[in-house]
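S.K.:
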Amino acid sequence: MKENKLTLQDVKKTFGDGDQQVEVLKGITLEVKAGEFVAVVGPSGSGKSTFLSVSGALLSPTSGRIMIGNQDISTLHAKELNQIRLKNIGFVFQSANLIPYLTVRDQLLLLSELEHQTHKEAEKKADGLLERLGLLHRKNHYPEQLSGGERQRTAIARAWMNDPEIILADEPTASLDSERGRTVVQMLADEVKLREKAAIMVTHDQRMLDLCNRVVYMEDGQLISKPSV
Amino acid sequence: MFLALREMKHAKMRYVLIGLIMVLISFLVLFVSGLAKGLASDNASSIQTMNADYVVLDKQSDQRINRSQLTDEQLKEILHSTNQKQRTEFGLQMTTVQKNGEAKKTDSTLFAVDPKGFIAPQSIDGQSLKEGNKNEAVGDLSLKDEGFQIGDRLKEETTGTVLTLIGFTENQSFSHSPVLHVSLKTWEAMHDGKQSVNAAALKADSGKAKEIEKLVPGVEVISKNDALKSIPGYKEEQGSLLMMIVFLFVIAAFVLSVFFYVITLQKVNQFGVLKAMGAQSGYLSRTVMYQVLSLTVVSLAISILLTFTVSQLLPASMPFLLNVPLVAGCSVLFLTVSVIGSLISLYQVIKIDATEAIGRAS
Ligand SMILES: Nc1ncnc2c1ncn2[C@@H]1O[C@H](COP(=O)(O)OP(=O)(O)OP(=O)(O)O)[C@@H](O)[C@H]1O
Ligand SMILES: [Mg+2]
């Protein structure tokens, strides 16, 4: 049996206080194992992004337990969560969210800079990643000079840079046509298998689902295995 | 500083422009400071360079040396309670002189000192005052520019005494007029022994100064600095220039803080992404700080260079004085001000939340 990369146990998240309270996540339980690529689909406002933020240590849950690998992160402080994100989690955001004044290569090197790694090693790693994602010829270009697909691929390369245990992607293909989107997701899937890591992807695009090992449905803050329609 | 340098390189124009504004402001700060310093020296260098710590005046003088008169009794008491190395009395009178019987009058301040006392000036040209010789005077170098020469005979207006100019001194002005130093003996003779001295200079610590104030009735002992401030026009000149300098510093702080505040606002989403990727607030704050400081340091360096270049081009008669302590002081203050100006941006950077990054379409 493969190890768990991410474990959520009865995770709840409530926003606001007093009369304004909204329970966005209503008890989520999920296990993601090494080598697994999980897709999350569901209607707008059902809590997918919130679920991803909580899993990725961006938001702390109101109750419940979250484990990354073997480490319980539910009780950690903001500073420790920062370190967890830096070392164990890779994010791919809806719009690639690259830093506008960094070249493709520097986008990756930034992560090793944040982790105080040696430059030589990081450069080798960055070049390797860029090569696998077909970006080597673009490595000295700025984001504004890239196509949408190239930007998303850069974002994926960046997410892998620090060897995270798990990749969290929020609609990574939203701004791409379906063909380009499919290549990007395919690359994500390949990397997950190759490295025995895990990934969760939120998507609206039904055509991507066959690239994933498992599909979970989010509805009104709860995960269900089959859509209710 | 991985991020700071790359960003400044990418948005060159933006940072060059703000740098230019900083250069202009800091240039103005340095220039006005130099002017203030130059005017102070032009006004009152004789008191500034006086080799003394305190001045003893009569109590009714409103702290003004030129209004003060020490009575014989007071002087006796002062002489009694101090030794030769601690005090030297002096007379002061604002007057005009005429050269060699010419009609043209020149403003000047008469300073009567003990030629052997510690405030007697050294001539840089010609001779210094000597104890025995009467009716001799040494004058500030600026008199030379007005056509005076060693050996000239000067007629002092109020007493009609004719003095012989025997040398030139440096940095001796009072209330923007050149100082003519004469010996106390000459002073006595000029006034037929009726005029007493105005004040006494003290070279002593504050304890001694207080002691004399207590011991001698009707006198006040003020520091050299306070004596400077009470020279006619001194406080007013320095005050208005100081106000300009203070305002320039405030403007610099505002310009910098607004610039970095706006830039930080534009980068909220970006900082969110960086934090989501695991960058600490401290790291991002250091990035902003590094940008602020490097911008200020480079601007300062350029404006210091500019100021020194301009000061070389100024006419000699323009009162402008720029020295290393002044430039260093202004620079430190400027750096401090820019750090203060960037605090509001730092606060923003710390406040930004990592969740800014997720589920947003910008
Ligand atoms: N910080 C917050 N404060 C209050 N309510 C919030 C906050 N963040 C999200 N919500 C609410 O939680 C609900 C779920 O939001 P979430 O962004 O997770 O939806 P989503 O499933 O990602 O939607 P979409 O598919 O449109 O991106 C929404 O009703 C939203 O209004
Ligand atoms: Mg969303």
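In order, the protein sequence lines correspond to chains A and B. Take the first sequence: its letters are residues 1 to 229, numbered as in this note's numbering. Take the second sequence: its letters are residues 1001 to 1362, numbered as in this note's numbering. Ideal placement from N, C-alpha and C gives every residue a C-beta, glycine not left out.
1) Give me the residue from B/K1130, B/L1295 and B/S1045 with the minimum Cα distance to B/A1227.
2) Buried or exposed: which applies to B/S1362, given that a residue is buried once 16 or more other Cβ atoms fall within 10 Å of its Cβ?
3) Quick check: what's the CA-CA separation for A/P61 versus A/L129?
4) Given a cut-off of 7 Å, decide if A/A39 and A/T173 are closer than it, judged by their beta-carbon atoms.
5) Determine, for B/V1273, whether the minimum Cβ-Cβ distance to residues of chain A falls below 7 Å.
6) Tell me the DSSP secondary structure of A/L8 in three-state form.
7) Nearest chain A C-beta to B/F1002 closer than 7 Å, yes or no?
8) Check whether the Cβ of B/Q1266 lies closer than 7 Å to any Cβ atom in chain A.
9) Check each residue of the stretch 23-56 of chain A: if its Cβ is closer than 9 Å to any Cβ of chain B, include it; give the result in chain order.
10) According to DSSP, A/Q71 sits in a beta bridge with which residue or residues?
11) Bridge partners for B/R1363 per DSSP, in chain order?
12) For A/T103, which residues in the same chain have their Cβ closer than 8 Å to its Cβ, ignoring the five residues on either side in sequence?
13) Taking the alpha-carbon of B/F1118 as reference, which of B/M1022, B/Q1069, B/F1090 and B/D1145 has the nearest alpha-carbon?
14) So A/N82 contacts chain B; which residues on that side make the cut at Cβ distance below 9 Å?
15) Whose C-alpha, out of B/L1143, B/K1116, B/M1277 and B/S1123, is nearest the C-alpha of B/G1132?
16) Which stretch, first to last residue, makes up the beta strand (DSSP E) that contains A/G27?
17) Compare the Cα-Cα distances from B/P1178 to each of B/K1208, B/L1143 and B/D1205 and report the closest residue.
18) Pull out every residue of the stretch 1003-1017 of chain B whose Cβ sits closer than 9 Å to any Cβ of chain C, in chain order.
19) DSSP three-state label for B/K1235, please.
20) For B/V1197, name the three-state secondary structure that DSSP assigns.
21) Cβ of B/T1169 within 7 Å of Cβ of B/V1138?
22) Tell whether a beta-carbon distance below 7 Å holds between B/L1184 and B/D1114.
23) Between the Cα of B/R1064 and the Cα atoms of B/L1092, B/M1190 and B/N1051, which residue gives the shortest distance?
24) Identify the contact partners of B/L1270 in chain A, using a Cβ-Cβ distance below 7 Å as the criterion.
25) So, A/Q152 versus A/V185, is the Cβ gap smaller than 7 Å?
26) Is A/T154 near A/L98, with beta carbons less than 7 Å apart?
27) For A/M201, which option in A/L194, A/I224, A/V216 and A/L114 has the closest C-alpha, if you only look at C-alpha atoms?
28) So, does the CB of A/R85 fall closer than 7 Å to a CB anywhere in chain B?
29) Need the endpoints of the alpha helix (DSSP H) that B/Y1290 sits in, please.
M.R.: Result, derived from the coordinates:
1) B/S1045
2) Low confidence applies to B/S1362: its pLDDT is 38, below 50, so where it sits in the model is not reliable enough to give any reading.
3) 33 Å
4) Going by C-beta atoms, A/T173 is not nearer than 7 Å to A/A39.
5) yes
6) Residue state, collapsed to three classes: strand.
7) yes
8) no
9) Answer in chain order: K48, S49, T50, L52, S53 and G56.
10) Secondary-structure assignment with DSSP links A/Q71 through a beta bridge to A/I68.
11) Only positions 1001 to 1362 of chain B appear in the structure, and residue 1363 of chain B is not among them; the question remains open.
12) K139, N140, H141 and Y142, listed in sequence order.
13) B/F1090
14) Chain B residues near A/N82: K1275, G1278, A1279, Q1280, S1281 and A1354.
15) B/K1116
16) V22 to K33
17) Closest in C-alpha terms to B/P1178, from the list B/K1208, B/L1143 and B/D1205, comes B/L1143.
18) Reference to chain C is not applicable here, since the protein chains of this structure are A and B.
19) helix
20) coil
21) Judged by their CB atoms, B/T1169 and B/V1138 are nearer to each other than the 7 Å cut-off.
22) The Cβ-Cβ distance between B/L1184 and B/D1114 falls below 7 Å.
23) B/L1092
24) The amino acid at residue 1270 of chain B is misidentified as Leu; the sequence shows Gln. Simply I99.
25) If you check the CB distance, A/Q152 and A/V185 do not come in under 7 Å.
26) yes
27) A/V216
28) yes
29) B/Y1290 -> alpha helix (DSSP H) spans S1281 to L1313.
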